[in-house]
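Chemist: Handing you a structure now.
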Amino acid sequence: MQAGKEHGSAAMGAGIWGGEFQHRGRPWRRARMPSLVAAALVALAQPAVQAQQPSSVQAGQAGELAFSIAPQPLAGALRQFTQQAQHQVLFDPQIVAGRTSPALQGRFTPRQALDRLLAGTGVTVIDAVPGAYTLKAPLREPSPAADAALGTVLVTAQAHAGDTTEGSGSYAASRVSLGKGQSVRETPQSISVVTRQRIEDQGLVSVGDVMQQTTGVTVDYAGSGGLGGTANSFYARGFQISNVQIDGAAVDAFSQGTFDPNMAMYDSVQVIRGADGLYSGNGEPGGSINLVRKRPTAQPQVLASASVGSWNQRRAELDVAGPLAADGRVRGRAVLAHSDREFFYDYADARNTLLYGIVEADLTPATKLTLGGSYDKSASLPWRGGLPRAANGDDLHLPRHTALMAGWGHYDRTNKELFAQLEQKLEGDWRVRAHANYVKVDSDSRLADVTGAVDPTTGLGATLNGFSNDFYSTKKALDANVSGTFSLLGRRHRLLLGADWAKIRDTQDTFLSEVDMPGGINVFGFDPGAIPLPSFVWKTRSFAGYGATQKGLYGRLNLSLTDRLTAIVGARRASYDTQTPWLRFDRAGNLTSRIVSSYGESGIFTPYGGLVYDIDDRWTAYGSVAEIHKSQADKLGGPLPGTPLDPIKGRNFELGTKGEFNEGRLMASMALYRIERNGEAVADPSYPNTDIGDAGLNCCWLSKGKVVSQGVEGEISGELARGWQLFAGYTFNRNHNKTPGIEGIYHSVTPKHLFKLWSTYRLPGELSQWTIGGGANIQSAHFVSGTAKAFNPDSGKFDGAAVPFKFSQGGYAVWNASVQYRINRNWQAVLNLNNLFDKVYYRTVGTSGGNNWYGEPRNVMLTLRGSF
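Everything in the sequence shown is counted per my numbering, starting at 1294 for the first residue and increasing by one.
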């Protein structure tokens, strides 16, 4: 029993904070697991034994809370208990398998509620400390088969709202911090979660990698492949995903056009598709990305990994977490990661070092403070221009290793982040949460790329363009909200009220370079190392202190209309303003013009509404209407001097179903959607195009742009059978620009059909150390159309008349596979094979001038992963 007390005490570190996670799946032999856990924790917690012994009495003195839990399998009831009580429960999954719990309705202390859920199951509580319980099954004789099995310690309710997926071993997640903390089923929009298990199984190391494997998301590398091979932008349902959140709080991420952070400091990635204006504010209706930070753990753990792969890829990570105080009330985590890699194309390379740290402290039983920060430094020799085409649109069939860039280039970037979070428990289940985030970015680049259409016979026609950039940015964000339930007309309802504020200020100096190439540029046999250093460099533009400020008030009310039907209504009222000082210089360095573009809007109202109907304990049906706005107040409507146009409005209509099976280990969803994006500026033919003053405003425009996107999405993720994990996501999309005069497909890079699949299976019996995996990314054709300059015989360049073009990439499938071998209970080896059949394709289609990017050829990555 003494060991039981210390097991529970060490788990207390997560305190009373709700949600769930599964402690990292170490292969404990089931019969030995209790003694091993107890022995380890005794060694770690021995100095605190005397202080911890009285805590079991305190656990029973907690105040009464409102509980509403339907009769269901015991594991699912325990998850709901952790969410509603915000308490931890530790147990071996085998002791709850096949057991059910009765309904629980009313107000109880957490211990009373837990005892009622366990009534008749034979499962008992053997220890209780503030905010944490340990469960024990009825005594029975262990079998040899059980002794040989790989066990798992399941820990529900880690420290942050239940969206942590680390250690669950699952591809399914039932709760998200998108929407300020809700379950997936009670959110009436399409949500995908890429869990930590899938990130590790597929070897995903960046957010761009994760987006490539997310349902309905298209990754565009144009213009950035770029800055160290990073993804440039993400699209869903035909529109850009322009908003990013971290732990549910909005942050600006795309101010320099790229966003591809290191996944070593994040637990998982959540993506909501469709308009998300209630919490995101200004942006496009493609959706939002939410990154979930890794959190400290209640029990000590050390994770380490080392990887080597194709193109001299090398990567190492060290991740240490656990209690920092003997009583577990202060917990910490630190992550160190370093990578060094080349690319499948010539000369380019990238190095990255990440240091991440986070500390949580239970200041009181009802107050938790989180402080943390990260230092992320990258140094790379990048290629950003992509491949050109022939002037008539033909593929030049250049080798995939071709890189049309200067070998002396560089791009260096440093991200420094500080964040703080405070969570205060109030009366009942009411809580106040506050987030603060500060990011400072410094970067400089010196690059030169080949752009321009090419004569397919001679290889000539393109030019070398030198570009340099010094960029400095500060980003500040605050978000605070209060949430809880209340009684009205005999039913319990949930209310959320909050406010947010964000300010971005950037400074950027842009330089052009002249490089002397007397013989011109020939793309056939191009040698980056032969490009000379620039003969002349001059500053062309400077943006000093440009940026934007956004603030808003938001609210959401979940009204329980019946036992099965919930209505959700919400709204946001926001303001937005931006300022851009713009200086231009001539070749001699003289200032030639100064413009300060400044505009803003206030009182922007964004409504939200939805209905959620629980068909039964497994299935939920929903419908919703969501909006988002994008400011265009820099464009004025006539007559002169003009008035600012209203914001572009993106409205998302959605009907769907969501299912939860196998006690939450398998999730499924299907949705029909339609997005209408209305009001984008179109030139007004009644008035001449006129710049207004020196404020960067322009007249005259009409708010007549209209784009419609509609389709179907479906996803299944989680455990189909013991040892078999599956993810599959399919998207059908049609998008059209219905603006008069420019009708046609709006975003042709979004394929009509997009299917993503990944699955792993642990072999049974004597082969259980082996896990095999495989999957594919399959999509239909995509294309880019527009106009390009024809060849001019007088100049010898492609600077003649504009001619239309349409460049296409046919449908394709890229297959991937993996093999995992568990060496012992601490070590595992994983071999990932990507593009198994070495498919040659363009993952991004550009223009005749450039931005055509091959997909990666066949490649492998071997990872050795340890957990202690």
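Where a beta carbon is used, it is the ideal one built from N, C-alpha and C, also for glycine.
#1: Quick check on Thr1375: does DSSP put it in helix, strand or coil?
#2: With DSSP as the reference, label Val1544 as helix, strand or coil.
#3: At which residue ranges does the region 1899-1954 contain complete beta strand (DSSP E) runs of 3 or more residues, listed in the order of the chain?
#4: So if DSSP puts Asp1560 in a beta bridge, which residue, or which two residues, is it bridged to?
#5: Have a look at Val1500 and Ala1823 and give me their C-alpha separation to the nearest angstrom.
#6: Going by Cα to Cα distance, which pick from Gly1931, Ser2041, Gly2016 and Tyr1514 is closest to Phe2000?
#7: With contact counted as at least three CB pairs below 8 Å, one residue from each stretch, are the region 1875-1882 and the region 1846-1865 in contact?
#8: Leu2013 and Leu2056 look like a contact to me (Cβ under 8 Å); what is the Cβ gap, rounded to whole Å?
#9: Going along the chain, which residues of its own chain have a beta-carbon closer than 7 Å to the beta-carbon of Lys1942, five neighbours each way excluded?
#10: Could you tell me which uninterrupted alpha helix (DSSP H) segments, each at least 4 residues in length, are contained entirely in the region 1391-1425, listed from first to last along the chain?
#11: Would DSSP call Gln1490 helix, strand or coil?
#12: Distance, Cα to Cα, His1380 vs Tyr1528?
#13: Kindly indicate which residue of Leu2124, Asn2152, Lys1928 and Trp2146 has the alpha-carbon position closest to the one of Ser1598.
#14: If you draw a straight line from the alpha carbon of Asn2119 to that of Ser2010, how long is it in whole angstroms?
#15: Would the region 1885-1903 count as touching the region 1854-1866 if we require 3 or more Cβ pairs under 8 Å?
#16: Starting from Gly1650, follow its DSSP beta bridges and name the residues at the other end.
#17: Classify Glu1956 as helix, strand or coil using the three-state DSSP reduction.
#18: Identify, in the order they occur along the chain, each residue of the same chain with its Cβ nearer than 6 Å to the Cβ of His1631, setting aside the five sequence neighbours on each side.
#19: For Val1652, which residues in the same chain have their Cβ closer than 6 Å to its Cβ, ignoring the five residues on either side in sequence?
#20: Could you spell out where the beta strand (DSSP E) holding Gln1505 opens and where it closes?
#21: Using the DSSP secondary-structure output, state which residues sit across from Val2000 in a beta bridge.
#22: Where does Lys1571 sit, in a helix, a strand or coil, going by DSSP?
#23: Among the residues of its own chain, which have a CB less than 6 Å from the CB of Ser1806, if the five just before and after it don't count?
#24: If you draw a straight line from the alpha carbon of Thr1803 to that of Ser1766, how long is it in whole angstroms?
#25: What separation, rounded to the nearest whole angstrom, lies between the Cα atoms of Pro1675 and Gly1702?
#26: Nearest to Ser1467 by CA position, among Ser1924, Ala1926 and Asn1955, is which residue?
#27: Beta-carbon within less than 6 Å of Arg1798's beta-carbon, same chain only, minus the 5 sequence neighbours each way: which residues are those?
#28: Tell me the DSSP secondary structure of Ala1363 in three-state form.
#29: I need the DSSP call for Lys1388, collapsed to helix, strand or coil.
#30: Could you work out which residue in Lys1587, Arg1607, Gln1592 and Ser1600 is closest to Ala1627 when comparing CA atoms only?
#31: Here's a check: name, in chain order, each residue in its chain whose Cβ is nearer than 6 Å to the Cβ of Phe1946, leaving out the five neighbours to either side.
#32: Taking only three categories from DSSP, how would you classify Ala1454?
#33: Ile2224: which of Tyr2054, Thr2064, Gln2062 and Leu2050 sits nearest, CA to CA?
#34: When you compare each of Leu2155, Arg2151, Tyr2135 and Thr2156 to Tyr1514 by their alpha carbons, which one comes out closest?
#35: Since Gly1644 contacts Ser1671 with CB under 8 Å, what's their CB separation in whole angstroms?
#36: Taking contact to mean at least 3 C-beta pairs separated by less than 8 Å, is the region 1565-1579 in contact with the region 1490-1497?
Modeler: From the atom records:
#1: In the sequence shown, the residue the question calls residue 1375 occupies position 82. Three-state DSSP puts Thr1375 in a helix.
#2: Locating residue 1544 in the sequence shown gives position 251, where the first residue counts as 1. Three-state result, Val1544: strand.
#3: 1912-1923, 1928-1930 and 1941-1954
#4: Here residue 1560 refers to the residue found at position 267 when the sequence shown is read from its first residue. In the DSSP output, where bridge partners are listed per residue, Asp1560 has none listed.
#5: Locating residue 1500 in the sequence shown gives position 207, counting from the first residue. Locating residue 1823 in the sequence shown gives position 530, counting from the first residue. The straight-line gap from Cα to Cα measures roughly 34 Å.
#6: Locating residue 2000 in the sequence shown gives position 707, counting from the first residue. Note that residue 2000 is Val in the sequence shown here, rather than Phe. The shortest C-alpha separation from Val2000 is found at Ser2041.
#7: no
#8: Here residue 2013 corresponds to residue number 720 of the sequence shown, with the count starting at 1. Here residue 2056 corresponds to residue number 763 of the sequence shown, with the count starting at 1. That belief does not hold up - the Cβ atoms of Leu2013 and Leu2056 are roughly 15 Å apart, past 8 Å.
#9: On the sequence shown, residue 1942 is found 649 positions in, with the first residue counted as 1. Excluding positions up to five away in sequence, the list reads Glu1920, His1922, Asn1971 and Gly1972.
#10: 1403-1411
#11: Walking along the sequence shown from the start, residue 1490 turns up at place 197. It is helical.
#12: Here residue 1380 refers to the residue found at position 87 when the sequence shown is read from its first residue. Here residue 1528 refers to the residue found at position 235 when the sequence shown is read from its first residue. Straight-line Cα distance between these residues: approximately 38 Å.
#13: Here the question's residue 1598 lines up with position 305 in the sequence shown. Nearest option by C-alpha distance: Leu2124.
#14: On the sequence shown, residue 2119 is found 826 positions in, with the first residue counted as 1. On the sequence shown, residue 2010 is found 717 positions in, with the first residue counted as 1. For Asn2119 and Ser2010, the distance between alpha carbons rounds to 27 Å.
#15: yes
#16: To locate residue 1650, count along the sequence shown from 1; it is residue 357. Answer is Ala1627 and Gly1666, bridged to Gly1650.
#17: Counting from one through the sequence shown, the residue named residue 1956 turns up at place 663. Here Glu1956 sits in helix by DSSP.
#18: For the purposes of this step, residue 1631 is taken as the residue at position 338 of the sequence shown. Closer than 6 Å at Cβ, skipping near neighbours: Ala1609 and Thr1646.
#19: In the sequence shown, the residue the question calls residue 1652 occupies position 359. Counting only Cβ-Cβ distances below 6 Å, and skipping sequence neighbours, we find Gly1625 and Leu1664.
#20: For this step, residue 1505 is matched to residue 212 along the sequence shown. Careful: Gln1505 lies outside any beta strand (DSSP E), inside the alpha helix (DSSP H) at Val1500 to Gln1505.
#21: As a working mapping, residue 2000 is identified with position 707 in the sequence shown. Bridge partners of Val2000: Arg1970 and Asn2030.
#22: Indexing the sequence shown from 1 puts residue 1571 at position 278. It is Leu, not Lys, that sits at residue 1571 in the sequence shown. Helix at Leu1571.
#23: If you number the sequence shown from 1, residue 1806 lands on position 513. Excluding positions up to five away in sequence, the list reads Gly1759, Pro1827 and Val1830.
#24: Along the sequence shown, one-based indexing puts residue 1803 at 510. Along the sequence shown, one-based indexing puts residue 1766 at 473. In a straight line, the C-alpha of Thr1803 is about 15 Å away from that of Ser1766.
#25: On the sequence shown, position 382 is the one that residue 1675 refers to. On the sequence shown, position 409 is the one that residue 1702 refers to. So the alpha carbons of these two residues sit roughly 7 Å apart.
#26: Locating residue 1467 in the sequence shown gives position 174, where the first residue counts as 1. Measuring from the Cα of Ser1467, the nearest candidate turns out to be Asn1955.
#27: Here residue 1798 refers to the residue found at position 505 when the sequence shown is read from its first residue. Thr1767, Gly1838 and Gly1840.
#28: Residue 1363 sits at position 70 when you count from the first residue of the sequence shown. If DSSP states are grouped into helix, strand and coil, Ala1363 belongs with coil.
#29: Taking the first residue of the sequence shown as 1, we reach residue 1388 at position 95. The identity of residue 1388 in the sequence shown is Ile, whereas the question assumes Lys. In this structure, Ile1388 counts as helix in the three-state DSSP scheme.
#30: Along the sequence shown, one-based indexing puts residue 1627 at 334. Considering only alpha carbons, the answer is Lys1587.
#31: Position 653 of the sequence shown, counted from the first residue, corresponds to residue 1946. Excluding positions up to five away in sequence, the list reads Val1918 and Arg1967.
#32: Indexing the sequence shown from 1 puts residue 1454 at position 161. Bear in mind that a pLDDT of 41 at Ala1454, under 50, signals an unreliable position, so the number given afterwards is only what the model happens to contain. Looking at Ala1454 - three-state DSSP - the assignment turns out to be coil, as it is neither helix nor strand.
#33: Limits of the chain in this structure are 1294 at one end and 2161 at the other, which puts residue 2224 out of reach.
#34: Locating residue 1514 in the sequence shown gives position 221, where the first residue counts as 1. It is Tyr2135 whose Cα lies nearest to the Cα of Tyr1514.
#35: Along the sequence shown, read from residue 1 onward, the residue named residue 1644 stands at position 351. Along the sequence shown, read from residue 1 onward, the residue named residue 1671 stands at position 378. The sequence as given places Arg at residue 1644; Gly does not occur at that position. Indeed, because the Cβ distance is near 7 Å, the residues count as touching under 8 Å.
#36: no
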